[in-house]
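What follows is a single structure, written as structure tokens, with notes after it.
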Amino acid sequence: MAAGQQWDYSFDVVVVGSGNGGQTAALCSYEMGARDVLVVEKSNLYGGTSSISGGGVWIPCNRYAREQGAEDSIEDARKYLRQLITEEEVPDYQLDAYLENGPKMVEFLHQRTRVRYVSLAHYPDYYTNLDGSREGHRSMEPETFNADELGEEWRRLRRTHPMMHLGGLIGITQVEAALLVGQQPGWWKTAARLVLDYLLDIPWRLKDKFHRRLATGCAGVARLRASLQDRDIPLWLNTAMTRVIDEDGKVLGIEVERGGQTLRIQARKAVILAAGGFEHNQAMREQYLPQPTDHRWSAGAQENTGDAIREGIRLGAKMHRMNEAWWCNTISVPGEEIPRLSIMEKSYPGSVVVNPAGERFGNESQNYMAFQHETFRKHSETYPCSPSWQVFDANFRARYFVGPLYNSKFRPDWMLPGRYEQEGFFAKADTIPELARKINVDPDGLQKTVDKMNEYARTGVDLDCQRGDAAYDRYYGDPRFSPNPCLGPVDTAPYYAMKVDPGDFGTQGGMVINADAQVLREDGSVIAGLYAIGNCSAPTLPCYPGPGSTLGPAMTFAYQAAKAITGYRD
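Numbering (our numbering), first residue to last: 6 to 575.
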């Protein structure tokens, strides 16, 4: 025991945060020889933003892709990434450690734990125009998992976002979501099968209103949690880290608040910070992030208030990219606690996203990070791009699920809550100018934009924003539309508008790490005993090159940290 230090508890490794990164770090540390591991979680639920998310993990050359016969190489992945990410943004050692060890991490978990994934054969990289990109098989989603395998721990699992549930009760995979939201051929059979399976599971209906089958983010977290249970690795909920304890430049443990008590927990080998970003700390958002910014637009876990990042700053850690987040338009629905991510609905043909001038400011079908970067580049006091509105017509409303509106077959206009219009979230009108006036958008500007979109839909060429040119654009297009599956007319009354915000699903900046996930000071020296992974560390894939670009590095550097702590050789 360190001289002068008094401890309430002592472990080999203490992990702060219970998302994919944190639980992977605990599992790998245990399997590699550090058998005395503790995970602490600030919330009363485990899983963090990982559990809320779609659960995608971007790992080129992973075992599941190879099993499907996918052709890929680390060299192609590196070539692709280096066209998007400069060495100043992400040094070679970090990028190489990720690419070379990501597949090893996946294999390690597959061989030793309950973690299982499915390769997404048709989900493309986000910049398929670049050399080295692939149109599938680099992203994985979790294999579905039955909640009852967790025992009572099921009730403490943070559920995936409501938008990834059919009827709010039945979890759906990413593949099923693309089929159902776009109502692609065969969608009703999938919906019927899911509903029938839900209704016939009478024993589970008597226990819980949600489906027994878990999918997407919470399925990935549940598989990790079940693996922790198999090893009796403790996970303490309602335990907030208040301080990292250090002495003579070395981290020795953490201080937490638990059950109204302040506890000091020794970490004999290491502390691993995996506690997320600062998306719900408004003061930090205003200090670091571009305007406009509002924590209420973030779909990250509410408990992510920058606790680990603030401690890193206090300890002298080098920080990087604090002005960035994992951007994505969000839909702040009246009456819902967490904003919905606007990914699929704004991509389908037959709608436009406009600013107060009634003008488009980006390609609505491009990947969400790129769309949001374009928003910030063009936004100014004289030319605001917020608030913005998704504008569509009666045909679009009937054809696609649009946020909480669903579609007019499942949720006709008369079923929509009155507060949607009263609180300025939604509007409906018989003409485009009338709709524009209701949402305080320039009527002439909106009419011109709609007229141009109707012409682009006819020709198949978007002269303003090149919508539909890239493979990613077309992933959420509709093949029933020709000549461009991303372009459709907005020409049938009534017309609708739904507000979308410049949101995010987490902040991006954090502590700079080495290839072993050790935290570095400004001079490049290591803060002994301290590791950082996930959104409290500086990002490995800041450009978001494909689906799952946060969870892939979080899990890979969790694996790297465990190797460094234990001396394990793979």
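Don't be surprised by glycine CBs; every beta carbon is placed ideally from N, CA and C.
Proximity to Asp-153 across Lys-414, Arg-218, Ile-343 and Gly-137 peaks at Arg-218, based on C-alpha coordinates. Per DSSP, Thr-267 lies in no alpha helix (DSSP H); the unbroken beta strand (DSSP E) holding it starts and ends at 266-278.
Within the same chain, and ignoring the five residues on either side of Ala-196 in sequence, the residues whose Cβ sits closer than 8 angstroms to its Cβ are Leu-171 and Leu-185. Within the same chain, Cβ atoms closer than 6 angstroms to the Cβ of Asp-575 are found at Lys-109, the five residues on either side in sequence being excluded. Within the model, the alpha-carbon separation for Gln-427 versus Thr-497 is close to 24 angstroms. Annotated three-state conformation of Trp-394 is strand, per DSSP.
Residue environment for Ile-207: exposed (fewer than 16 other C-beta atoms within 10 angstroms of its C-beta). Segment contact: the segment 328-339 against the segment 507-515, three or more CB-CB distances shorter than 8 angstroms; contact assigned.
The continuous alpha helix (DSSP H) containing Trp-209 extends over residues 207-210. In this structure Glu-342 is exposed. Its beta-carbon is surrounded by fewer than 16 other beta-carbon atoms within 10 angstroms. The beta carbons of Val-359 and Val-407 sit about 15 angstroms from each other, so the pair does not count as a contact at 8 angstroms. Here DSSP, grouped into helix, strand and coil, assigns Phe-431 to strand. Sequence-distant partners of Val-62 (beyond 5 residues in either direction) whose C-beta falls short of 6 angstroms from its own C-beta, in its chain, are Met-145, Gly-553, Leu-556 and Gly-557.
Considering only Asp-528, Asp-77, Gln-523 and Asn-459, the residue with the shortest C-alpha distance to Cys-541 is Gln-523. Shown here, Asn-49 sits in coil according to DSSP, grouped into three states, outside any helix or strand. For Ala-537, the beta-bridge partners assigned by DSSP are Leu-278. The C-beta distance from Gly-176 to Thr-221 rounds to 7 angstroms, short enough to meet the 8 angstroms contact threshold. When Cβ pairs closer than 8 angstroms are counted between the two stretches, the segment 418-434 is seen not to touch the segment 480-490, the count staying below three. The segment 492-518 is shown to contain whole beta strand (DSSP E) runs of 3 or more residues at 500-505 and 509-512, in chain order.
Selection Gly-514, Ala-126, Leu-174 and Leu-492 evaluated against Phe-401 yields Leu-492 as nearest (Cα-Cα).
Between Ala-399 and Pro-354, the alpha-carbon positions lie close to 13 angstroms from each other. Taking 8 angstroms as the cut-off, the beta carbon of Gln-565 is found no closer than this to the beta carbon of Leu-233. Below 8 angstroms, too few C-beta pairs join the segment 252-261 and the segment 133-145 to call them touching: fewer than three. The beta carbons of Glu-379 and Gly-367 sit closer together than 8 angstroms.
Considered as a whole, the segment 297-358 harbours 330-332 as its complete beta strand (DSSP E) runs of no fewer than 3 residues, in chain order.
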